[in-house]
């Protein structure tokens with residue numbers, strides 16, 4: 015079951031939310047605004063230290079969605095106009111755009127940024143928890159084969175659905191562009207992405223989860 019523990023940091027101009035189990039310490043926040051995001055301080059987020067628009071821009075760099083924001087008038091983050099997923103060398107799949115994610119407990123959430131495990135070792139599946147680093151997962155992520163089908167098509171503004179199959183891959187339905195570490199791309203609207211770590215066609219599934227008896231749930 016996906017863990018969730020969200021803390022809120024509020025001012026009159028912005029509300030910053032932090033979902034701790036989603037954080038993989040990419041440190042985009044600290045590099046972007048150390049006056050606001052400083053893990054040495056308590057609390058570590060000072061939402062009054064900069065203007066709301068600047069904070070929102072830096073929060074939007076968080077690749078996992080661990081940091082989110084909304085304004086007091088209800089306005090929130092605008093998703094990217096194109097649904098993309100970037101393959102991180104030796105690391106997770108970083109999705110951005112209009113994303114509908116099915117969690118292992120059956121819950122479905124609408125996301126704009128999320129990092130999914132592709133090493134098979136995360137204890138917070140389908141989300142990445144940085145287990146790839148300790149587990150020694152390696153894959154350069156630079157070879158992207160054209161293994162996304164046309165599916166039902168879809169156009170600008172449509173969401174992509176990500177549904178982890180039981181003890182199997184992440185099933186993709188909806189417009190998506192995959193970007194490899196070498197910037198090679200594949201675009202389509204239907205496919206299966208490996209999450210067991212054993213596929214020889216990474217980031218796509220080749221059925222290896224069956225051979226290794228992968229257990230995700």
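In my numbering, the protein residues as written are 15 to 231.
Yeah, the Cβ is synthetic: ideal placement off N, Cα and C, and Gly gets one too.
Bridge partners of residue i, per DSSP?
i: residue 192; result: 99, 200
i: residue 44; result: Residue 44 is not bridged to any residue.
i: residue 187; result: 175, 204
i: residue 228; result: Answer is none; residue 228 lacks a bridge partner.
i: residue 141; result: 130
Mapping the DSSP letters down to three states, classify residue i as helix, strand or coil.
i: residue 160; result: coil
i: residue 22; result: strand
i: residue 149; result: helix
i: residue 218; result: strand
i: residue 209; result: coil
How is the beta strand (DSSP E) around residue i delimited, first residue to last?
i: residue 178; result: 174-178
i: residue 129; result: 122-130
i: residue 50; result: Looking at the DSSP string, residue 50 is not in any beta strand (DSSP E), and its letter there is neither H nor E.
i: residue 31; result: 29-33
Less than 9 Å between the C-beta atoms of residue i and residue j, yes or no?
i: residue 200; j: residue 187; result: no
i: residue 226; j: residue 143; result: no
i: residue 125; j: residue 114; result: yes
i: residue 210; j: residue 182; result: yes
i: residue 154; j: residue 195; result: yes
i: residue 129; j: residue 36; result: yes
First and last residue of the alpha helix (DSSP H) that includes residue i?
i: residue 225; result: 222-225
Write down every uninterrupted run of the alpha helix (DSSP H) in the region 58-120 whose length is 4 residues or greater and which is fully enclosed by it, in chain order.
DSSP runs (the alpha helix (DSSP H)) wholly in the region 58-120: 66-73.
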